[in-house]
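Numbering (our numbering), first residue to last: 25 to 283. Ideal Cβ placement from N, Cα and C applies to all residues, glycine included.
The following block contains the structure:
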């Protein structure tokens with residue numbers, strides 16, 4: 025088994041080094057597809073691989089599929105610029121390469137680092153997704169709001185996680201929620217859904233309790249409290265924006281991957 029790692033970038037010069045360094049000695053090839061970064065991302069990536077491509081599309085699925093097409097090998101490892109292979113995952117991948125089984129794709133957990141702590145609960149972990157797969161069994165697709173891997177094959181599981189360097193600050197987390205709630209409000213609007221009174225009280229409270237108590241947010245200390253509180257806030261914000269759209273009779277344009 026030989027593996028090509030595919031990483032899509034946009035202004036990731038500060039994060040891409042850890043990502044690409046973690047791939048050394050594990051994968052057989054690295055393909056970086058850059059969506060016209062204005063910083064030093066491409067220059068940094070070129071230090072690790074000669075397969076660095078610029079692509080004009082803002083469609084994340086198109087960028088991922090382009091990288092997959094440029095892969096020399098049949099197995100794809102999908103990683104984001106703010107992610108890296110854990111030490112345990114490196115060893116596990118090397119074992120899979122030496123003795124592959126019948127699986128055509130592998131679910132890999134992701135562990136996020138947030139506010140100075142590895143998050144092991146709060147609904148953020150294990151967050152398993154297909155990361156390693158045969159390229160003839162998977163392609164990236166998108167609808168108006170989401171991008172996902174369309175995987176059609178048998179899957180196995182790897183035990184060790186990808187490490188994710190999540191939001192650098194609460195402000196960055198809030199900026200993300202502002203963008204994603206716009207998309208979710210628009211999705212509800214297109215389905216002709218309306219915000220009801222309970223959406224602003226009961227639904228946020230239920231989300232907080234479900235995250236903090238039900239999903240063990242309290243076990244993650246202060247970061248878990250922040251995650252749970254912002255999860256509740258995102259529910260409130262989504263429905264507030266939905267109500268705003270209905271009042272204005274306007275549509276919120278979906279946000280591209282590079283924004």
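CA nearest to the CA of residue i, picked from the options
| i | options | result |
| --- | --- | --- |
| residue 209 | 237, 168 and 235 | 168 |
| residue 84 | 156, 250 and 104 | 104 |
| residue 27 | 256, 39, 149 and 95 | 95 |
| residue 163 | 87, 189, 35 and 231 | 87 |
| residue 107 | 30, 201, 205 and 59 | 30 |
| residue 80 | 35, 53 and 60 | 60 |
| residue 188 | 123, 269 and 144 | 144 |
Integer-rounded CB distance, given that residue j should sit under 8 angstroms from residue i
| i | j | result |
| --- | --- | --- |
| residue 247 | residue 139 | 4 angstroms |
| residue 205 | residue 258 | 6 angstroms |
| residue 212 | residue 266 | 5 angstroms |
| residue 117 | residue 226 | Contact flag wrong, Cβ pair sits at about 45 angstroms. |
Spatial neighbours of residue i in its chain, beta-carbon cut-off 6 angstroms, leaving aside the 5 residues before and after
| i | result |
| --- | --- |
| residue 236 | 242 and 252 |
| residue 77 | 57 |
Neighbourhood of residue i by C-beta, 7 angstroms cutoff - its chain only, sequence neighbours within 5 removed
| i | result |
| --- | --- |
| residue 125 | 180 |
| residue 37 | 63, 64, 65 and 68 |
| residue 40 | 33, 65, 68, 69 and 105 |
Per-residue burial, residue i [other beta carbons within 10 Å of its own, 16 or more giving buried]
| i | result |
| --- | --- |
| residue 280 | For residue 280, the predicted structure reports a pLDDT of 47, less than 50, and the residue's modelled location is therefore unreliable. A value from the coordinates is still provided. Classification for residue 280: exposed. |
| residue 165 | exposed |
| residue 255 | buried |
| residue 221 | exposed |
| residue 91 | buried |
| residue 148 | buried |
| residue 70 | exposed |
| residue 244 | buried |
| residue 239 | buried |
| residue 283 | Note that residue 283 has pLDDT 38, beneath the 50 cutoff, so the model's placement of it is unreliable and the number below is only indicative. Label assigned to residue 283: exposed. |
Span separating the alpha-carbon of residue i from that of residue j
| i | j | result |
| --- | --- | --- |
| residue 223 | residue 263 | 7 angstroms |
| residue 46 | residue 141 | 20 angstroms |
| residue 152 | residue 130 | 9 angstroms |
| residue 110 | residue 216 | 44 angstroms |
| residue 199 | residue 192 | 11 angstroms |
| residue 72 | residue 232 | 42 angstroms |
Residues near residue i by beta carbon distance below 8 angstroms, same chain, minus five either side
| i | result |
| --- | --- |
| residue 99 | 25, 26, 27, 28, 156, 157, 158 and 159 |
Residue-level contact to chain D via CB, residue i, 9 angstroms cutoff
| i | result |
| --- | --- |
| residue 82 | Any reference to chain D falls outside this structure, which holds one protein chain only. |
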